[in-house]
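In terms of full-length UniProt numbering, the numbers along the sequence shown are unbroken and rise by one, the last being 378.
Even glycine gets a Cβ: it sits at the ideal position worked out from N, Cα and C.
Here's the structure, in structure tokens; my notes come after.
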Amino acid sequence: MTEPDTVAKGVLGRLDHLGKGGTAVIYRLPGFKLPGHPPLVYKEYKDRTRTIAGPALKRGLLDLVRRRLAMTDQQRAAWDRLVTWPLRVVVDGDEACGILLPLIPAAYFQDLHTRSGQRRRVPREVDMLFGDTKDMARIGLPATSPEQRRAVAVQIARVCALTHHRNVVLGDISGRNMVYDVSGPRPQVMIIDADAARVEGSRGAFGGQPQTPHWEPPEALLAASQLRAARKRGDQKSINTLLPRTTVQNRATDVYKLALMLVRVVDHGRGKAVNRRPDTALRIFRRAWGKPAAELLERAMGAAPDDRPTARELYESMRPGGPPAPKPQPKPQSQQQPPVPKPRPPDPPKTGTGPIENGKRAGSFVFVEGRGWVRDGR
1 MTEPDTVAKG
11 VLGRLDHLGK
21 GGTAVIYRLP
31 GFKLPGHPPL
41 VYKEYKDRTR
51 TIAGPALKRG
61 LLDLVRRRLA
71 MTDQQRAAWD
81 RLVTWPLRVV
91 VDGDEACGIL
101 LPLIPAAYFQ
111 DLHTRSGQRR
121 RVPREVDMLF
131 GDTKDMARIG
141 LPATSPEQRR
151 AVAVQIARVC
161 ALTHHRNVVL
171 GDISGRNMVY
181 DVSGPRPQVM
191 IIDADAARVE
201 GSRGAFGGQP
211 QTPHWEPPEA
221 LLAASQLRAA
231 RKRGDQKSIN
241 TLLPRTTVQN
251 RATDVYKLAL
261 MLVRVVDHGR
271 GKAVNRRPDT
281 ALRIFRRAWG
291 KPAAELLERA
301 MGAAPDDRPT
311 ARELYESMRP
321 GGPPAPKPQP
331 KPQSQQQPPV
341 PKPRPPDPPK
351 TGTGPIENGK
361 RAGSFVFVEG
371 RGWVRDGR
């Protein structure tokens with residue numbers, strides 16, 4: 001029997017407020033369950049969000065729900081470990097008003113200290129890895145070793161490669177939309193807040209979504225700059241052409257944002273949350289995974305979308321069992337230099353064939369009977 005892709009808001013029961021953002025309010029559902037699923041949350045879109053999205057909202061959300069329902073049981077199980085994906089579209093009458101999502105697993109939460117001294121339990125978002133370790137320790141975030149950071153980076157590349165394998169463009173990739181856990185023997189990551197994703201070939205639920213600040217790909221930044229100039233000129237034709245380019249979301253922009261996240265995870269510190277310079281990260285990549293991985297990372301951050309590698313290529317260059325990192329070449333052993341030969345003494349003087357008188361001198365040589373010509377003083 002095919003699972004339904006919608007659920008009526010009226011059957012959800014009690015709504016316990018969990019939080020809110022710019023576009024939606026999140027509620028926990030203590031009295032509503034889906035068989036075979038973990039505890040659920042209801043993400044209800046604000047009226048303004050629904051109005052701006054229009055009819056595309058329901059179509060785009062249904063595309064996401066149906067993409068998961070079309071998977072095999074094994075594929076869904078693997079998918080659900082990596083993404084908090086929309087499970088149902090919540091409808092009020094005939095209109096979409098929100099989605100059901102799985103609650104983020106407890107392993108991805110962290111107790112932090114607020115400035116007032118209180119403790120607050122929050123999702124352990126990847127952007128917590130971008131800053132200075134000492135600063136984060138002050139609010140209760142455990143330190144992560146360079147090895148753990150590299151392992152987190154591998155998992156980030158892996159989950160992005162998997163979504164592209166399923167023909168899903170994530171679009172809004174940022175440090176706020178992914179959580180991590182390094183408490184176990186193998187670090188794990190999970191994509192959250194994925195309703196901005198779209199199935200390739202579809203428009204998506206939110207159409208042209210603005211880029212998250214400090215995560216804009218170069219092509220979007222260029223279009224935004226050109227758009228400002230066109231508006232100053234009053235060039236409406238150029239404005240109409242450039243506006244969609246500022247919100248471009250595709251595989252190539254996903255790869256750029258993935259690379260940006262990898263750079264900020266492995267090369268962290270004060271001010272690094274907005275870092276776009278990969279120099280230090282490239283050195284880390286070369287040491288950890290070899291020259292090919294570093295070259296792919298550099299290409300992924302390039303300005304030309306067509307020159308960027310795929311997410312899978314980047315992941316394959318980093319994953320365990322992938323291309324080995326080059327071993328450092330041993331320094332040549334210092335060898336003792338052979339002694340410099342002393343200058344050869346000049347040949348003794350040549351004389352005629354007759355007998356030579358003992359003590360006869362020729363330059364610096366003297367003839368000694370029984371020994372022949374020797375240097376004087378020897």
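Practice task
Taking E44 as part of the beta strand (DSSP E), name the residues at either end of that continuous run.
Solution key: Mapped onto the sequence shown, residue 44 falls at position 44. Unbroken beta strand (DSSP E) run through E44: L40 to Y45.
Problem - Counterpart residues of T6 in DSSP-defined beta bridges - result: Translated into the one-based positions of the sequence shown, residue 6 becomes position 6. T6 pairs with V89.
Practice task
Return the CA-CA distance between D5 and R88, expressed in angstroms with no decimal places.
Solution key: One-based indexing of the sequence shown puts residue 5 at position 5. One-based indexing of the sequence shown puts residue 88 at position 88. When rounded, the distance between both Cα atoms is 5 Å.
Problem - Closest residue to L40 among V7, P187 and R138 (Cα-Cα distance) - result: Here residue 40 refers to the residue found at position 40 of the sequence shown. Ranked by how close their Cα comes to the Cα of L40, the residues V7, P187 and R138 have V7 in first place.
Handout entry: Beta-carbon contacts of D307 that lie in its chain and below 8 Å, excluding the five residues immediately before and after
Key = Locating residue 307 in the sequence shown gives position 307, counting from the first residue. R299, listed in sequence order.
Practice task
Identify the continuous beta strand (DSSP E) that holds Y180 and give its terminal residues.
Solution key: Within the sequence shown, the letter at position 180 stands for residue 180. Start and end: M178 to D181.
Problem - Limits of the unbroken beta strand (DSSP E) element including M190 - result: Walking along the sequence shown from the start, residue 190 turns up at place 190. Q188 to I191 is the span of the beta strand (DSSP E), which, as asked, contains M190.
Handout entry: Strand pairing of K20, partner residues [DSSP]
Key = The residue you call residue 20 lines up with position 20 of the sequence shown. When beta bridges are read from the DSSP output, K20 appears opposite V25.
Practice task
Please determine if the stretch 189–200 and the stretch 155–172 are in contact, where contact requires at least 3 C-beta pairs separated by less than 8 Å.
Solution key: Verdict: yes, contact present.
Practice task
Below 7 Å CB to CB, which residues in the same chain sit around R176 once its five sequence neighbours on both sides are set aside?
Solution key: Within the sequence shown, the letter at position 176 stands for residue 176. Excluding positions up to five away in sequence, the list reads E125 and D127.
Problem - Best match in Q226, M301, R270 and V248 for proximity to M261 [C-alpha to C-alpha] - result: Here residue 261 corresponds to residue number 261 of the sequence shown, with the count starting at 1. Minimum Cα-Cα distance from M261 among the listed residues Q226, M301, R270 and V248 corresponds to M301.
Handout entry: Touch test, the stretch 112–120 against the stretch 89–99, Cβ-Cβ under 8 Å, three pairs minimum
Key = In short, these stretches do not touch, since the Cβ pair count stays below three.
Problem - Selection from K43, K134 and R120 that minimises the alpha carbon distance to R270 - result: Position 270 of the sequence shown, counted from the start, is the residue given in the question as residue 270. It is K134 whose Cα lies nearest to the Cα of R270.
Exercise for the section: Counting only the same chain and skipping the five closest in sequence on each side, list residues whose C-beta sits under 6 Å from that of L15. Expected result: For the purposes of this step, residue 15 is taken as residue 15 along the sequence shown, with counting starting at 1. Within the same chain, L15 has close Cβ partners Y27.
Handout entry: Beta bridge counterpart(s) of F109 as assigned by DSSP
Key = Reading the sequence shown from its first residue, position 109 is the one you call residue 109. Looking at the DSSP output, F109 sits in a beta bridge with P123.
Practice task
Check each candidate in L61, F285 and V274 and name the one with the smallest Cα separation from D195.
Solution key: Within the sequence shown, the letter at position 195 stands for residue 195. Per the Cα distances, L61.
Practice task
Kindly indicate which three-state DSSP category P305 falls into: helix, strand or coil?
Solution key: Position 305 of the sequence shown, counting from 1, holds the residue named residue 305. Three-state result, P305: helix.
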